[in-house]
Amino acid sequence: MYAYDEIDRTLVNERVSEFRDQVKRRLSGELTEDEFKMLRLQNGVYLQLHAYMFRVAIPYGTLASRQLRQLAHVARKYDRGYGHFTTRQNIQFNWIKLAELPDALADLAEVGIHAMQTSGNNMRNVTSDQWAGVAPGEIEDPRIWSELIRQHTTLHPEFSFLPRKFKIAITASDHDRAAIKIHDIGLRLIKNEKGETGFEVLVGGGLGRTPFIAKTIKHFVHGRDILSYIEAILRVYNQYGRRDNIYKARIKILVHELGIEKFSREVEEEWQHIRNSSLQIDDEVIEDIRARFSYPAYEKLPHMPDELRQAAADPDFEAWRKNSVAPHKVQGYSIVTISLKPVGGPPGDATAEQMDALADLADKYSFGEIRVGHEQNLALPHVAKRDLPALWKALDRLGLATPNVNLITDIIACPGLDYCSLANARSIPIAQELTRRFANHELANLIGRLHINISGCINACGHHHVGHIGILGVEKNGEEVYQITIGGRADENAALGNLIGPGVKFDEVADVVEDIVEAYLALRERPEELFMDTVKRLGVEPFKERVYATR
Amino acid sequence: MTSPLEQKKIKIAGPSVVTANRTWDGIVVYRTAAKGWSPDLSEAAIVRNSDEAKALLAEAVADDVGAVGAYIAPVQIGEDGRIEPGNLREQIRSTGVTIGQPAQV
């Protein structure tokens, strides 16, 4: 956990006071909506179909149990008893009243949570690997660097009026769980030949109507130079980014139009002006941030405790363990992913009661810490293996032990037309139907790792471009129509999916996915060949033939 | 934000209403003939041509404290005179999400 200092606490509290005054002036008519809109967006407040939507940041996906309890409190007191975890380590409340928002913000500020820069054309919440600090083989905890960037960019005047929103993600593991290649800047923490910490810097990734996979702009930037290098990128973007056309305003378009070589030269030139400035980071600064992260006092525990050995006889426990439990860097401990994808449920939603109960379980089994992943699931990062059976039983009672992590029903979906004012088609009901179709755990296990991502419009909040199976809802002649892609992925080998053919109607989507899955099961060379590998080997055609042969 | 009134021409294809979100709490509201807002679609003022639509929208936009984001939305009028939303988006705005909300499940 990271402990905020007095500066952070003052900043957050001052922001609440400012916003309270702004809301008061808006409700009295002193501010028009045109004047107020940017102010509310800077505090994470959108206007959606049914109500205001309030997006709260969970920096680098780390939450303390008391913070999760406070999110539950906000859900219960100011909303309708639930929240929605997003693909960028935020939580959204869908039914907040503007008049009550300052109180909700004040309640969150009590536990160091805020909504700054969760919307608007600024630097958004810096995201990271939800297994940061506990993943085996990790180079070092990427959250230290996430926090450095968070501090530097929060309310930074130069980054507050960018051409468009700007997102950074950081990973420190070989396997990328932070989806860095679909971010404006992706940072991969590495060591150079001298053993010094630095970053491979990628730039220009993003989805939306013009998707791009990020390109490497520099293979190694020393840790002490990372702020100046990021600032150089942002300065070039600020100067040349397209403010005249919202659809071409993201940095990915600039990188694409200039070409990575020219863009890189511009950044390099800018960097030389600011590299040896106060932006150079002393080791002391990093050590100070590191010291404000507290790490658990792990016990010396056996690799295979008796409790785990005995529980292995229960097939239901084993089904859950195989999908939900991952190795930890410390012997005797595990990382437990908690699926927020129950059969028939909206992906990523959690009730206030579930949040409260999870906070209690985090206190009991995970040193009071919870993580949020971009796949819209939660995790308990420090669970002793001996406690896994008891934890599983407790999660099961809460409806949070669905054994589907990384399987076909572990679906990423945006809120879609049920909530979102930008959406053209519904996402959640498609996800719900798919979880029912593939509810049989033996079938889902037989299929193996397969990610379905669903977006209700071209803005791609459900990351459909990088779903193994991607589903994009559009509107055609007043009807919802869904375009299906296959072959996308968001990991270290990130790729954009390929369209398999004409769009299909709402009622046909689950049938089409079933056809694709049946084709895969028939085409794979062996059970270990994952869906992605079969698509890579054979391309789109055999799947297309199967889907459209009878349509 | 470009005001809807800055649109040179407002075309409507059939009976329409003006809808927005109430400022203080954000809920869906409809402009009434009594120059107010109602969360009940059945109380909405119906416009049937562009001039009527433009006038109702202008009046609605002027009430910025009452509601925000006013726009013209299509409706269908049943044989019994009942007003129904004219498309899926408006149906969802009018009757709510098409899924169960987690806290109610």
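Chains as they are written, first to last, in this note's numbering: chain A, 1 to 551; chain B, 552 to 656. Note that beta-carbon positions come from the ideal geometry of N, C-alpha and C, so glycine has one too.
Would the C-beta of residue 170 (chain A) count as close to the ligand ADP, meaning under 7 Å from any of its heavy atoms? Only the bare structure without any ligand can be found here, which leaves the ligand ADP out of the picture.
Chain A partners of residue 638 (chain B), CB-CB under 7 Å? Translated into the one-based positions of the second sequence, residue 638 (chain B) becomes position 87. Those are 478, listed as they occur along chain A.
Under a three-way DSSP split, which group does residue 652 (chain B) fall into? Here residue 652 (chain B) corresponds to residue number 101 of the second sequence, with the count starting at 1. Of the three classes helix, strand and coil, the one that applies to residue 652 (chain B) here is coil, per DSSP.
What residues of chain A sit near residue 574 (chain B), judged by a beta carbon separation below 8 Å? For the purposes of this step, residue 574 (chain B) is taken as the residue at position 23 of the second sequence. Simply 26, 27, 33 and 98.
Identified DSSP bridge partners for residue 188 (chain A): The residue you call residue 188 (chain A) lines up with position 188 of the first sequence. Residue 188 (chain A) pairs with A:171 and A:200.
Within this structure, are the beta carbons of residue 124 (chain A) and residue 166 (chain A) separated by less than 8 Å? Along the first sequence, read from residue 1 onward, the residue named residue 124 (chain A) stands at position 124. Along the first sequence, read from residue 1 onward, the residue named residue 166 (chain A) stands at position 166. For residue 124 (chain A) and residue 166 (chain A), yes; Cβs fall inside 8 Å.
Can you find a C-beta in chain A that's less than 8 Å from the C-beta of residue 619 (chain B)? The residue you call residue 619 (chain B) lines up with position 68 of the second sequence. Residue 619 (chain B) counts as touching chain A.
Do you know whose CA, among A:524, A:244, A:470 and A:426, lies nearest residue 500 (chain A)'s CA? For the purposes of this step, residue 500 (chain A) is identified with residue 500 of the first sequence, where counting begins at 1. Nearest option by C-alpha distance: A:470.
Can you tell me whether DSSP reads residue 59 (chain A) as helix, strand or coil? Along the first sequence, read from residue 1 onward, the residue named residue 59 (chain A) stands at position 59. Looking at residue 59 (chain A) - three-state DSSP - the assignment turns out to be helix.
Consult DSSP for residue 552 (chain B) and reduce its assignment to one of helix, strand or coil. Numbered from its first residue, the second sequence carries residue 552 (chain B) at position 1. Summary for residue 552 (chain B): the model assigns pLDDT 47, below 50, so the residue's position carries little reliability; its value from the coordinates is reported in the next sentence. Residue 552 (chain B) falls in the coil class under three-state DSSP.
Measuring CA to CA, which of A:421, A:489, A:485 and A:491 is closest to residue 504 (chain A)? Looking up residue 504 (chain A) in the first sequence gives position 504. The shortest Cα separation from residue 504 (chain A) among A:421, A:489, A:485 and A:491 belongs to A:485.
Go ahead and label residue 239 (chain A) buried or exposed: buried means 16 or more other beta carbons lie within 10 angstroms of its beta carbon, across all protein chains shown. Taking the first sequence and counting its residues from 1, one reaches residue 239 (chain A) at position 239. That one is exposed.
Who are the Cβ neighbours of residue 65 (chain A) in its own chain at under 6 Å, not counting the five residues just before and after it? Here residue 65 (chain A) refers to the residue found at position 65 when the first sequence is read from its first residue. Same-chain partners within the cutoff: 359, 362, 363 and 368.
Do we get a CB-CB distance below 8 Å when we pair residue 580 (chain B) with the residues of chain A? For this step, residue 580 (chain B) is matched to residue 29 along the second sequence. Cβ-Cβ to chain A under 8 Å: no for residue 580 (chain B).
On a CA-only basis, which of A:548, A:7, A:27 and A:243 is nearest residue 121 (chain A)? Give me that one, please. Along the first sequence, one-based indexing puts residue 121 (chain A) at 121. The option with the nearest alpha carbon to residue 121 (chain A) is A:243.
If I follow the unbroken beta strand (DSSP E) through residue 579 (chain B), where does it start and stop? Here residue 579 (chain B) refers to the residue found at position 28 of the second sequence. Unbroken beta strand (DSSP E) run through residue 579 (chain B): 579-582.
Can you tell me whether residue 552 (chain B) is buried or exposed? The criterion is at least 16 other CB atoms within 10 Å of its CB, across all chains shown. Walking along the second sequence from the start, residue 552 (chain B) turns up at place 1. Note on residue 552 (chain B): pLDDT 47, under 50, position unreliable in the model; no value is reported.
For the segment 336-345 of chain A and the segment 271-283 of chain A, state whether three or more C-beta atom pairs, one from each stretch, are separated by less than 8 Å. no
Residue interval of the alpha helix (DSSP H) (run including residue 21 (chain A)): For the purposes of this step, residue 21 (chain A) is identified with residue 21 of the first sequence, where counting begins at 1. 6-28 is the span of the alpha helix (DSSP H), which, as asked, contains residue 21 (chain A).
Is there contact between the segment 437-457 of chain A and the segment 419-429 of chain A, where contact requires at least three CB pairs shorter than 8 Å? yes
Which residues mark the beginning and the end of the alpha helix (DSSP H) in which residue 323 (chain A) is found? The residue you call residue 323 (chain A) lines up with position 323 of the first sequence. 315-324 is the span of the alpha helix (DSSP H), which, as asked, contains residue 323 (chain A).
With distances taken between CB atoms, is the gap from residue 95 (chain A) to residue 381 (chain A) smaller than 8 Å? Along the first sequence, one-based indexing puts residue 95 (chain A) at 95. Along the first sequence, one-based indexing puts residue 381 (chain A) at 381. Taking 8 Å as the Cβ cut-off, residue 95 (chain A) and residue 381 (chain A) do not qualify as a contacting pair.
Residue 157 (chain A) versus residue 150 (chain A) - alpha carbon distance: Taking the first residue of the first sequence as position 1, residue 157 (chain A) is located at position 157. Taking the first residue of the first sequence as position 1, residue 150 (chain A) is located at position 150. For residue 157 (chain A) and residue 150 (chain A), the distance between alpha carbons rounds to 14 Å.
6 Å CB neighbourhood of residue 568 (chain B) in its chain, flanking five on each side removed: Position 17 of the second sequence, counted from the first residue, corresponds to residue 568 (chain B). Taken in chain order, the residues that qualify are 581, 595, 624 and 626.
For residue 378 (chain A) versus residue 428 (chain A), is the C-beta distance shorter than 8 Å? Within the first sequence, numbered from 1, the residue matching residue 378 (chain A) stands at position 378. Within the first sequence, numbered from 1, the residue matching residue 428 (chain A) stands at position 428. Against a cut-off of 8 Å, the Cβ pair of residue 428 (chain A) and residue 378 (chain A) comes out as no contact.
Please list, in chain order, all residues of the same chain as residue 12 (chain A) whose beta carbon is under 6 Å from its beta carbon, the five residues on each side excluded. Residue numbering aside, residue 12 (chain A) sits at position 12 when the first sequence is read from its first letter. Same-chain partners within the cutoff: 109 and 114.
Could you confirm whether any beta carbon from chain A is found closer than 8 Å to the beta carbon of residue 633 (chain B)? Sequence index remark: in the second sequence, residue 633 (chain B) carries index 82 (1-based). Residue 633 (chain B) does not count as touching chain A.
Cβ shell of residue 5 (chain A) (< 8 Å), same chain only, five flanking positions each side left out: Your numbering for residue 5 (chain A) matches position 5 in the first sequence. Same-chain partners within the cutoff: 292.
In chain order, what residues of the segment 425-440 of chain A put their CB closer than 8 Å to some CB of chain B? 426, 428, 429 and 432
State yes or no: is the C-beta of residue 593 (chain B) within less than 8 Å of the C-beta of residue 561 (chain B)? For the purposes of this step, residue 593 (chain B) is taken as residue 42 along the second sequence, with counting starting at 1. For the purposes of this step, residue 561 (chain B) is taken as residue 10 along the second sequence, with counting starting at 1. Going by C-beta atoms, residue 593 (chain B) is not nearer than 8 Å to residue 561 (chain B).
At what residue ranges does the segment 51-116 of chain A contain a whole run of the beta strand (DSSP E), taking only runs of 3 or more? 52-57, 62-64, 82-85 and 90-96
For the alpha helix (DSSP H) that residue 444 (chain A) lies in, which residues bound it at each end? The sequence position of residue 444 (chain A) within the first sequence is 444, counting from 1. Residue 444 (chain A) -> alpha helix (DSSP H) spans 441-447.
Beta-carbon spacing of residue 438 (chain A), residue 431 (chain A) below 8 Å: For the purposes of this step, residue 438 (chain A) is taken as residue 438 along the first sequence, with counting starting at 1. For the purposes of this step, residue 431 (chain A) is taken as residue 431 along the first sequence, with counting starting at 1. No, Cβ-Cβ distance for residue 438 (chain A) and residue 431 (chain A) is not below 8 Å.
Count the other CB atoms, across all protein chains shown, that sit within 10 Å of the CB of residue 410 (chain A); report buried if there are 16 or more and exposed otherwise. Reading the first sequence from its first residue, position 410 is the one you call residue 410 (chain A). Result: buried.
Is DSSP giving residue 438 (chain A) helix, strand or coil here? Within the first sequence, numbered from 1, the residue matching residue 438 (chain A) stands at position 438. Note: residue 438 (chain A) maps to coil in three-state DSSP.
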